[in-house]
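A.B. asks: There's a structure below that I have some questions on.
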Amino acid sequence: MRLLVSLSLALLLGLTQPPAFAAGQDAEAPAAAEPAVPDPLKRETPRSMVSGLLGALGQSDYDRTALYFDLPPATSSRQRTNAVEQARAFHAVLDDGGTLDTFITLSNDPNGKVSDDLPVDQERVGEIAIQDKKIPVLLTKGQDGEHQVWRVSRETLTQITAATKRAPVVTEPAADQVVVAGAPLKDWALLLGLGVLVFGGLWMLSALIVFCMRKLVPDPEANGLYRFFEAALPPVSLLIAVGVFYNWAEQLPVSIVARQTLLRYTGIVSVIALVWFGLRLVDAISELAIARMQRSQRRQVISVITLARRAAKVILLAFSCIAILSTFGIDVTTGIAALGIGGIALALGAQKTVENLVGSVTVIADRPMQVGDFIKVGDVVGTVEDVGIRSTRIRTNERTVVTIPNGDLSARQIENYAARDRFLFNPVIAIAYGNSSAKLKEAISIVQQVLAEEKNMAEGHRARLGSISERAFNIEVFSHIDVHEFDTQVIIREKLLLTIFERLEAADISLAFPTQTIVFSPSQLEAVRGGSAANGDAADVDETAKAVTPALPAPPVVWTDATPPPRT
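Numbers -22 to -1, 1 to 546, taken from mature numbering (1 follows the signal peptide of the UniProt record, and there is no 0), label the letters of the sequence shown in order.
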């Protein structure tokens, strides 16, 4: 576990370490000191130097390996032979009991690690164990032509030479060995088999733990502890497998090339495991929180949780990409710094996208709606299905989906029907003119009584004679149904209307129909008859008058919309 913490800290420090510029240093000085042509052996930094050294050892190119040693230039064949023998011995002791720092922990700065206790021109990159003696692998910085390069120090080479004289090592590989990528095939198989075996065992153990917890926990989907273990155990098993593999691989008598190559990429596996753990943990926490918000009817928080989950996943994936690129030796610090300038240009070129992002923050913070609300935005009426980072989706009554960018949504008028705490009930009940004043008062009393008997009616309800129109006496009702659900208020509204109609019908109080009544005086009736007689319609007028007028002295004649008056 301590190793995993060290790897994580080294990864973060390697990603965030700024360029080493001295205070007050002239910006032109480094550019002037930098050679026009880079070192062909890539010895400018400890990381690139160790990578080049392993590449030469993997190809068994000991002439090139000797160029990574701090040795005087070979001017004779004897010196070249000695350099090659030292390279062979160095390779042999590394295979036998040597370790090198992992790629991600090596400094990628031309100045090395300035925070260690070594001189500024020295860097420790590993350790070699020969019998009971441990020899540190030190690099020293010096001049090679026009380049400032890092090489294995003479002190390290001298100690290795002295130790191998006391305890000789085999410098020649077996003739029957199958070499793949600079290392024996059996070494690759041993290391890979170890990794698969460790991870497989831990994976099965984690699956068994989750299975037992699922059987023991009453409601596993709603249990926070179970959800945490379900999300954490698979990636944690991979992370532990990396740590176990790292410790065991250093103790195995395998080729340094195979060991360092696989240990280099265990950094990538560690990053994948950490990001995998983060993604699963974010999903588990967000799903648990959403379930709780739904049970407590706090749906407005669901949009915030969804947006936060997506943002967290984007950050985790960005971190993983940066870490993996850094593991492959790609310098990402310059690219990260360029994002500041590129971000401005991107914002100018993607104003709508930025506007939608800001709009989404506004919608989430202001909370004019939430997922599941029935709203009206302009001409769009429907239910909110999702409030995303860029847009909001609304399901209409026709079951179509309308997508509105959040930038436009935040600037428009939003009518939220789901935010109503009660529903207005204000029908106008038209009482026909044929009813007496007593019947009219009784009708008002009936409506008031129906409202008072409804237990879901809010206080302050009233029913009054509001107006006398051309067609009826209008009883105006003003009240609120005190429920939150739309479907419930529809049922209550229907019950109220039916009850009012039934009681008015039982009291023999007739409702007005949408008709118009015209009353003629006797003189007007004679004039109408005279005009109709001239047109040949007198008989029709008399029949109509008899049908609508009672046998009283000087009765008025009533014409309805169904029988239009004759032409005058």
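Each residue gets a CB set at the ideal place from its N, CA and C atoms; glycine is no exception. Being a predicted model, the structure only gives us computed values, none of them experimental.
Would you kindly work out how many angstroms separate the C-alpha atoms of residue 573 and S215, rounded to a whole number?
C.D. replies: Nothing about residue 573 can be reported from this structure: the residues present for the chain run from -22 to 546 only.
A.B. asks: For F456, tell me which candidate among S447, Y395, D41, A436 has the shortest Cα-Cα distance.
C.D. replies: A436
A.B. asks: Bridge partners of P383, per DSSP?
C.D. replies: S369
A.B. asks: Mind checking which residues open and close the beta strand (DSSP E) that includes T120?
C.D. replies: In the sequence on display, residue 120 carries Gly and not Thr. Counting along the chain, the beta strand (DSSP E) containing G120 begins and ends at 111 to 122.
A.B. asks: Leaving out the 5 sequence neighbours to the left and right, which residues in its chain are closer than 6 Å to P88 when beta-carbon positions are compared?
C.D. replies: E22, T23
A.B. asks: Which one or two residues does DSSP pair with D73 in a beta bridge?
C.D. replies: Note: D73 sits in no beta bridge, so no partner.
A.B. asks: Considering just the uninterrupted stretch of the beta strand (DSSP E) at R442, what are its terminal residues?
C.D. replies: Residues 440 to 446.
A.B. asks: Around the Cβ of S415, are there at least 16 other Cβ atoms within 10 angstroms (buried) or fewer (exposed)?
C.D. replies: exposed
A.B. asks: If residue 589 and G75 are in contact, beta carbons under 8 Å, what's the gap, nearest whole angstrom?
C.D. replies: No information on residue 589 is available, as it lies outside the stretch -22 to 546 that the chain covers here.
A.B. asks: For A267, collect the residues of the same chain with a Cβ closer than 6 Å to its Cβ; drop the 5 residues on either side in sequence, then sort them by chain order.
C.D. replies: I283
A.B. asks: With a threshold of 6 Å on Cβ separation, who are the neighbours of R287 within its own chain once the five nearest residues in sequence on each side are excluded?
C.D. replies: V260, S264
A.B. asks: In three-state DSSP terms, what is D4?
C.D. replies: Bear in mind that the predicted position of D4 carries a pLDDT of just 41, short of 50, making it unreliable; the figure below should be weighed with that in mind. If DSSP states are grouped into helix, strand and coil, D4 belongs with coil.
A.B. asks: From what residue to what residue does the alpha helix (DSSP H) around Q272 run?
C.D. replies: Here the alpha helix (DSSP H) through Q272 covers 234 to 273.
A.B. asks: Using DSSP's beta-bridge definition, name the partner residues of W128.
C.D. replies: BP columns for W128 point to K119.
A.B. asks: Touching or not, the segment 352 to 361 and the segment 403 to 420, by the rule of three or more beta carbon pairs under 8 Å?
C.D. replies: no
A.B. asks: Put Q57 into one of helix, strand or coil per three-state DSSP.
C.D. replies: Correct three-state label for Q57: helix.
A.B. asks: Please report the straight-line C-alpha distance between I280 and V349, rounded to a whole angstrom.
C.D. replies: 7 Å
A.B. asks: Within 10 angstroms of the Cβ of R25, are there 16 or more other Cβ atoms? Answer buried if so, exposed if not.
C.D. replies: buried
A.B. asks: Let's see if you can read the secondary structure: which residues bound the alpha helix (DSSP H) around Q229?
C.D. replies: Segment 202 to 229, the alpha helix (DSSP H) holding Q229.
A.B. asks: Going by beta carbon distance, what residues of the same chain come within less than 8 Å of A525, once the five residues before and after it are set aside?
C.D. replies: Only weak support is given to the placement of A525: the predicted model assigns it a pLDDT of 48, under 50, and the value that follows is read from those uncertain coordinates. Contacts found: none.
A.B. asks: Across the segment 224 to 234 and the segment 290 to 305, are there enough close Cβ pairs to call them in contact, namely three or more that are closer than 8 Å?
C.D. replies: Cβ pair count under 8 Å is below three, so no.
A.B. asks: Using the three-state DSSP reduction, which class does R400 fall into: helix, strand or coil?
C.D. replies: coil
A.B. asks: Please identify the residue among L175, P213, K112 whose C-alpha is closest to the C-alpha of A251.
C.D. replies: P213
A.B. asks: In whole angstroms, what is the alpha-carbon distance linking R449 and L443?
C.D. replies: 14 Å
A.B. asks: Cα separation between S93 and Q100?
C.D. replies: 12 Å
A.B. asks: Let me confirm a value: M182 is counted as buried when at least 16 other C-beta atoms fall within 10 Å, else exposed. Which label applies?
C.D. replies: exposed
A.B. asks: For the candidate residues V428, K111, K20, whose alpha-carbon lies nearest to that of A141?
C.D. replies: K111
A.B. asks: Closer than 8 Å is the cut-off here; do at least three beta carbon pairs connect the segment 376 to 391 with the segment 333 to 347?
C.D. replies: Touching, yes.
A.B. asks: Taking Cβ to Cβ, would you say L303 is nearer than 7 Å to G256?
C.D. replies: No, Cβ-Cβ distance for L303 and G256 is not below 7 Å.
A.B. asks: Could you check which residue in V461, E432, A421, G178 has the C-alpha nearest to that of residue 547?
C.D. replies: Here the chain comprises residues numbered -22 to 546, so residue 547 is not present and cannot be evaluated.
A.B. asks: Do you know how far the Cα of A200 is from the Cα of R192?
C.D. replies: 11 Å
A.B. asks: Alpha carbon to alpha carbon, how far is I487 from K417?
C.D. replies: 7 Å
A.B. asks: CB H458 to CB L503, shorter than 7 Å?
C.D. replies: Not a contact, by the Cβ cut-off of 7 Å.
A.B. asks: Can you give the beta carbon distance from V332 to N384, rounded, assuming they're within the 8 Å contact cut?
C.D. replies: Wrong, their Cβ atoms sit about 11 Å apart, outside the cutoff.
A.B. asks: Thinking C-beta only, is A209 closer than 7 Å to A269?
C.D. replies: no
A.B. asks: The alpha helix (DSSP H) that contains V468, what's its start and end?
C.D. replies: 464 to 484
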